[in-house]
Amino acid sequence: MGKTEPLSPGKERDDSLAALGDTGWRAVEGRDAIRKIWKFRSFSEAWGFMSRAALQAEKLNHHPEWTNVYNTVDVTLTTHDCGGLSALDVSLAQRMDRIAGAAEVQIDHGAPVTCLCEEHARTR
Numbered sequence: 000m001g002k003t004e005p006l007s008p009g010k011e012r013d014d015s016l017a018a019l020g021d022t023g024w025r026a027v028e029g030r031d032a033i034r035k036i037w038k039f040r041s042f043s044e045a046w047g048f049m050s051r052a053a054l055q056a057e058k059l060n061h062h063p064e065w066t067n068v069y070n071t072v073d074v075t076l077t078t079h080d081c082g083g084l085s086a087l088d089v090s091l092a093q094r095m096d097r098i099a100g101a102a103e104v105q106i107d108h109g110a111p112v113t114c115l116c117e118e119h120a121r122t123r
């Protein structure tokens, strides 16, 4: 895939990012990137999501920055080729949202990201 163009400032970019914001994607401070944190019911569900998302990323030849701790998947999307957000990020974010289904979304990215094992440890 050739160099991807960044999303142009204006209505199309604003509309795309607003729609993603409605599903829990948030801007990453200091970068032209978006981030979303999902909490699944189990490690198996989180892993299944990541496996399905990886197949979509391969189809797009566009790969996320992500981490997984037990049931939590933390994803950042940006297009390194163009130094910021592109249509590839919007497309992958939309696909990930469909794949994630009813997983819980952590909206406050300033709050600590915790997984079920940490929550279980606190209640013992």
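For the sequence shown, numbering that gives the first Met the number 0 assigns the number 0 to the initial residue and increments by one for each residue that follows.
No residue lacks a Cβ here, since even glycine has one placed at the ideal position from N, Cα and C.
Model, not experiment: these values are computed from the prediction.
With 16 other Cβ atoms within 10 Å as the buried cut-off, status of residue i
i      : result
ARG25  : buried
ALA52  : buried
ASP96  : buried
ALA120 : exposed
Integer Cβ distance of residue i from residue j, believed to fall under 8 Å
i      : j     : result
LEU16  : HIS61 : Incorrect: roughly 17 Å between the Cβ atoms, too far for contact.
ALA102 : LYS38 : 6 Å
LEU19  : VAL89 : 7 Å
PHE48  : ILE98 : 6 Å
Those residues which DSSP pairs with residue i across a bridge
i      : result
TRP37  : VAL72, VAL104
THR22  : Answer by DSSP bridge pairing: none, since THR22 is not bridged.
GLY83  : THR78
GLU169 : Nothing can be reported for residue 169: it is not among the residues displayed for the chain, which extend from 0 to 123.
PRO5   : SER85
Close beta carbons around residue i, own chain, < 6 Å, minus the five adjacent residues each side
i     : result
ARG94 : GLN55
ARG40 : none
Short CB-CB distance (under 8 Å) between residue i and chain C
i     : result
ALA17 : Here chain C cannot be found, since the structure has a single protein chain.
Own chain partners of residue i with C-beta closer than 7 Å, once the 5 adjacent residues on each side are dropped
i     : result
GLY1  : Note that GLY1 scores 42 on pLDDT, short of 50, meaning its location in the model is unreliable; the coordinates nonetheless yield the value given after this. Answer for GLY1: no residue qualifies.
LEU87 : THR3, LEU59, HIS61, THR78
LEU76 : ALA32, ILE33, PRO63, ASP88, LEU91, ALA92
VAL27 : ILE33, ARG34, THR75
Proximal residues to residue i (C-beta, below 8 Å), its chain only, five neighbours per side dropped
i      : result
GLY109 : none
ARG12  : LEU6, LEU84
ILE106 : GLY23, ARG25
GLU44  : ASN70, ALA102
Point to revise | Touching by the beta-carbon criterion (3+ pairs, under 8 Å), the stretch 32–51 and the stretch 74–90 | key: Yes: the two stretches touch, three or more of their Cβ pairs being nearer than 8 Å.
Check your understanding: Looking at C-beta atoms only, is the number of pairs between the stretch 109–118 and the stretch 65–75 that lie closer than 8 Å three or more?
Key -> The stretch 109–118 is in contact with the stretch 65–75.
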